[in-house]
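First up is the structure itself, then whatever we jot down about it.
Residue numbers (this note's numbering), protein chains in the order written: chain A, 1 to 426; chain B, 427 to 852; chain C, 853 to 1278; chain D, 1279 to 1704.
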């Protein structure tokens, strides 16, 4: 299924009058609306190939219908999202779930949908049917050199697939760790992992980046070998200038101050990118902005300001890895992703409203109440009309979810693909 | 495979001399050793049928070999454990994973292994292939009366299976809840759940108990409809005198004081039983006593003291539901269970060493340092010789794990059942 | 210092034109604006007497200037707040910090500022200079009957002070608990506390309520005798129909779902009131809405809906105890309180925008994405113009903090009271 | 008050027979008992000067009697502890609470008690009466250069006092951070703090170390500028080879794996030392080993093994900063410290029992159950007789708390110093 620009424009027609009222009001209130809108138009978030199907937990999985059965159909799904919001212009593949057997064709197909290929992702947290060694006791950390080599080789193969498609970065998320005290020599696990990462790093093309993702717990329940930003940064620093830390919002201990971590990683020049989602307890992988929208705004505020300080706008080809990483257990995955992108755009727009000069002035005077007022002024502003206007200007839908529903996209996908399809992924 | 008492006695022989030294020393230090040992001998912990295979997480599952392929083989496995420790004299079935098609034969088989049938467990957190309605949005809480009825009927069927086998209790663990703000009307969800539970309760035989288990989160990530002991107790009180709260050690928010909850539930006469495991982060389902052994001791201390206060010793046919509920992702499940039972026995034995009179005296005098000394005196005592002696007297192995390994049980099971079997369960 | 209505109106003048634009836009977007504004006008939040000075932590306290030196000056401070926002029309006293020696005069003074007396608060978590027994090891839970009696008598005395002033409720927050395993017999502590509460309850006037506040930890660090809503509800149920549970937002374990607790307490008819604040880690006592504004909205959403279900609007003389309970360590306390009230009003207004019928409909259809959209539609709406309009109609300031600063209130208070005053409180 | 060796030996007499039985048994079970005992004898833990009085929380403080009124009396108190356990042979001073006006005399006094001077501690988390600038908004991070300079100068002064007394290290714990989003530019706060630390570092004598302590939260409740080990390590690396990270057990987010942090810091050569205490919720500052004794053992296990790997035994003049950092709110501070030291000794002794070769072998074979058995074998062993024997050989008490009570030390201190003394500290 393809949503042509005309279909989307037609759907917009009935919403336009109301939007114009909203937008005119917003314009009258906010300075320099056009430059904000331009930045929103430029901003793109990658969609991971594994987020297009219904996810599950260890307790159960309740699949929906019309899920993509192939890489081609996954690209088609992201194409639908991008047609609706013109902000999902990249797809992030996961190997071996999405091995492109004919990369040129895949590239052509993606280009037809206006999609680029974002970071490629390796998988050493599951065993594949044809695999010689098991990752039961870890991959890059494994005490067995042969198992480490298998995992290293897999990562190098993933890079090759990425090169074929035009990706420019590799994301390494390791489930390596331990479940019980005593199981692991933490130090040797770190050293083995470092050695393995160095071998992968050596295979990285000159213009590539490596993102080292950290996670506090799960699937290992006692220790994780890349467990927090401190460990990830240690690895990234030891690896070299192409290695960066990747922040997944759900991968922290309770109450962690993620925005501060983001700020410090930017200070060190080592923030590589994000996996966006939301959570209440752990790695819940919920829709972005559904639980802690203010935290999301605060993170974007650091990004916006950090980019200014670094003189490296993160939204203009800076190579930041932006991606949504959620697990849609009970929602239609495409609706969930549309909601996630919208929440990101809203947080980003709000962060652009922050009066940075006044904020720094308040900080300089330790005027804490004022600093809070400045942030809340931006956060409490209804920026939805700006986001909608950015979509119009980019040729997207004024209201992606409404369009998705009115145009009966899911129904059409089910009729094309069937009711009982299950996409690869978690 | 069956481990005869003779084989186990033979294995004990070589360990006896060392044990006797240990035990003689313990006997010289501890008052009334025989009564403690008698209580250890009487103490039994049920093994759930789903804990006999390798568990997994949503990220992966790394099966071991020789896992039981049928209910009969599960009983055989628990029989092996019970032969080794004479403390695992009951099995807890999970329907529909373990439907006994010929209950009489199953009862006979269990009796041959010295096993009783503990609480039966229903499953409305997964969809079965032949099921009319899905539990995607909850079972007993569902907004759809027909779905609630299906779930109620399933529970009633589970009771019937239990009756056939001689069980005396039903454990209801609900994954019902919500993943997003707005999804659920909390109150209606509670009321629907209550109504459903009442219908199940009405089908309970006169001498049965219903255990209402609570859990803070997972698989639902925003709210759980039976989320904490307060909610469970509300249900149990509204249901009636046969309804009780069941405590699973891993089902709490970070830092919860579980021993206090246990004490208060005993005060209210509503503590139904336990699911034992251990965890560092959430429902990690790790080996009992592997992370927080002191907490386990403190819980047993409340049980021991609460039983005295209630004049209802929990270990002598009181109907307490004791069960291990762990997920053995990276250990041999049978070894994990042997370690778990051992940890429980140690904590129980230590709790029996507490000088209760001196403790109450210290409390009465607000002598906090002394109260701590009294508990630590018991906890720091090496009670392993007592536990071993209890096993000898019961005809079990002095060192179950050593015996399990020396007698090559897993190797034998693999040769009988094959390397690539996967038991039902999580 | 008194802020006359004229001064405030004059200050409003310059802001009116801009406000009208905002309000006209809001009016064009939102149905039934007038009824929402009426509810905002009616809504009042009590200010606790101890929140008017700079708070501190155990590590230090950094006082500001011009803090109130007497009960009279505290009333004056709340009067200033109320003049500015017309939403702080009640003061909650804390005994013995605020013993009214001449209650009639105090009542007259409060009436001049338009203030009522909200719940009175007892203090058995500190020792007073003239006190016979120490509360080091607890008050209502104490093993010593004489100490319990002293604490009970104190509470009864607090009720008497409240009667003198026209209060209608007593809030009992107990710091009782234990710091070490073994220190407390949990059950006896509960029973002693219950007995003590019953004695206090017996002294309650016929038209009074008792609020039993719970807290997860601090100042006791191992157990709290009223530690969660389950325990508080047990007490409230055993005490009788005048006893209720009081929810303080900061008194929970990490990640607790407070809005669900609120909903269930309303279902049970046992929600007594709130202590509003915000926190990231524990009982941080930060400005309301400064950390988790969406959670605040979700709580108000339950209140708004629960009140409809109960047919008992919580904002019209229903006797709900609404109070701010924060500790202003680094902000001007009055500014902090103005920000807190504003955040509460915003959350309340947003909750009134929720399309309840559509929400219940979405729930009935398990349309989770839609339910989220409905809540977010309300939450993302900029309601500040409604709140400001409510203030205008009530004779308050359009922008309380701007007025507070422009009118140099703190400077004036310092000149009246001095730079080095320290208000009683934490 | 001084406890002579004779008094202590006399007290030992009655306990000796029982001890000998215990010790003989332990000796028969454990290899190379003498070398373990030697390491226990050598092991010393510093006592901080502020831990000798009753601590408090922001809610209240309940002082005991006979608290030290001067630095001399604090040294006397530590002398009493050291006489009793011969393991508390150092005192850690806190400036300005303990400014030594006559350092030579103080040194002489300490020497008479067998005490050395451990790390000196600066205090920029409180304002002193005579201080020009306030630390309300931070010290080393402050936006105001003059305030930073004041804090730097204070630290340099602290170093001077330390030099006078023979200390060899400075511990910098900063409460710097923020309470509200927006308050701080995280990056500038980091950079200011780094600049300030560099100035202090420049003043460090050649043979000194600087310990940079981190803390997750409190007294700041939104962000801490040295908030976790990652941040501390960043500072330490940027400062130079004399700078190290200091780990306080209570300064972590919920569920943090502290033993892994310890291992990685040792790998990096940047572990400076410890502040020992225990906690259930946050920085509860409870008696060491009173809540999570197994965690304490696991930490010591990393230390013991890490020291072997580094070939730098941490207990023989390696310059590790070992200190107890607790707050004795409801226990006699000296009893609390005796319990803490005992818990540390037990954990250390148990860690020395670990069969390291077998453990590494189990790890090499991914024998997780075996690795757990090996750790539990050590942990479940009753090592109290070894610890007691070490004390006898060092000339200390067999049972320090029994001796403290039997010899009525507190009573004597009260008679010497009075009932209503309050020691400086928290």
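Note that beta-carbon positions come from the ideal geometry of N, C-alpha and C, so glycine has one too.
- The stretch 294-348 of chain A contains no complete alpha helix (DSSP H) run of 4 or more residues.
- The beta-bridge partner set that DSSP reports for residue 1455 of chain D consists of D/1502.
- Rounded to the nearest angstrom, the Cβ distance from residue 515 of chain B to residue 542 of chain B is 6 Å, consistent with a contact under 8 Å.
- The C-beta of residue 1159 of chain C comes no closer than 8 Å to any C-beta of chain B.
- For residue 1267 of chain C, the enclosing alpha helix (DSSP H) starts and ends at 1261-1269.
- The continuous alpha helix (DSSP H) containing residue 1672 of chain D extends over residues 1662-1672.
- The beta-carbon distance between residue 1027 of chain C and residue 1499 of chain D, rounded to whole angstroms, is 19 Å. This is too long to meet the 8 Å contact definition.
- Interface with chain C (8 Å Cβ-Cβ cutoff): residue 778 of chain B is excluded.
- Straight through space, the alpha carbons of residue 324 of chain A and residue 333 of chain A are spaced by roughly 12 Å.
- Taken through DSSP and simplified to helix, strand or coil, residue 1062 of chain C comes out as strand.
- Our two residues, residue 1636 of chain D and residue 829 of chain B, have alpha carbons roughly 19 Å apart in a direct line.
- Contact with chain C is found for residue 1405 of chain D, since one of that chain's Cβ atoms lies less than 8 Å from the residue's Cβ.
- Taking C-alpha positions only, residue 1097 of chain C is separated from residue 708 of chain B by approximately 28 Å.
- Within 7 Å of the CB of residue 719 of chain B, the CB atoms of chain D belong to 1572, in sequence order along the chain.
- Think of a sphere of 8 Å around the beta carbon of residue 1659 of chain D: the chain B residues whose beta carbon falls inside it are 808, in chain order.
- Neighbourhood of residue 1125 of chain C in chain B, by CB distance below 9 Å: empty, with the nearest CB roughly 18 Å away.
- For residue 1518 of chain D, there is no enclosing beta strand (DSSP E), as DSSP marks it with neither H nor E.
- The stretch 944-1032 of chain C contains, as complete beta strand (DSSP E) runs of 3+ residues, the segments 1021-1025 (chain order).
- Among the residues facing chain A, residue 1337 of chain D is not included, as its CB has no counterpart in that chain under 8 Å away.
- Annotated as distal: residue 776 of chain B and residue 827 of chain B, with beta-carbon spacing of 8 Å or more.
- Ranked by Cα distance from residue 428 of chain B, the first of B/587, B/445, B/510 is B/510.
- In the structure shown, residue 271 of chain A falls within a strand segment according to DSSP collapsed to helix, strand and coil.
- Annotation for residue 219 of chain A: no beta strand (DSSP E) segment contains it, and DSSP assigns it neither H nor E.
- Cβ proximity to chain B below 8 Å picks out 125, 126, 127, 134, 135, 136, 137 from the stretch 119-153 of chain A.
- Neighbourhood of residue 693 of chain B in chain C, by CB distance below 7 Å: 1039, 1042, in chain order.
- By the Cβ neighbour-count rule, residue 845 of chain B is exposed, with fewer than 16 other Cβ atoms within 10 Å of its own.
- Under the three-state reduction of DSSP output, residue 670 of chain B falls in the strand class.
- Going by C-alpha positions, residue 1200 of chain C is about 32 Å away from residue 1016 of chain C.
- Neighbours of residue 1459 of chain D across chain C, judged by C-beta separation under 8 Å: 1142, 1143.
- In this chain, the beta strand (DSSP E) harbouring residue 474 of chain B covers 472-474.
- The CB of residue 1221 of chain C comes closer than 8 Å to the CB of 331, 332, 335, 336, 339, 401 in chain A, given here in chain order.
- For residue 830 of chain B, the uninterrupted alpha helix (DSSP H) run begins and ends at 826-832, by DSSP.
- Apart from sequence neighbours up to five positions away, the residues of its chain that approach residue 687 of chain B with a beta-carbon distance below 6 Å are 655, ordered along the chain.
- As the crow flies, the alpha-carbon of residue 701 of chain B is around 21 Å from that of residue 667 of chain B.
- For the set D/1687, D/1695, D/1699, D/1677, the Cα lying nearest the Cα of residue 1289 of chain D is the one of D/1677.
- With fewer than 16 neighbouring CB atoms inside 10 Å of its own CB, residue 960 of chain C falls in the exposed class.
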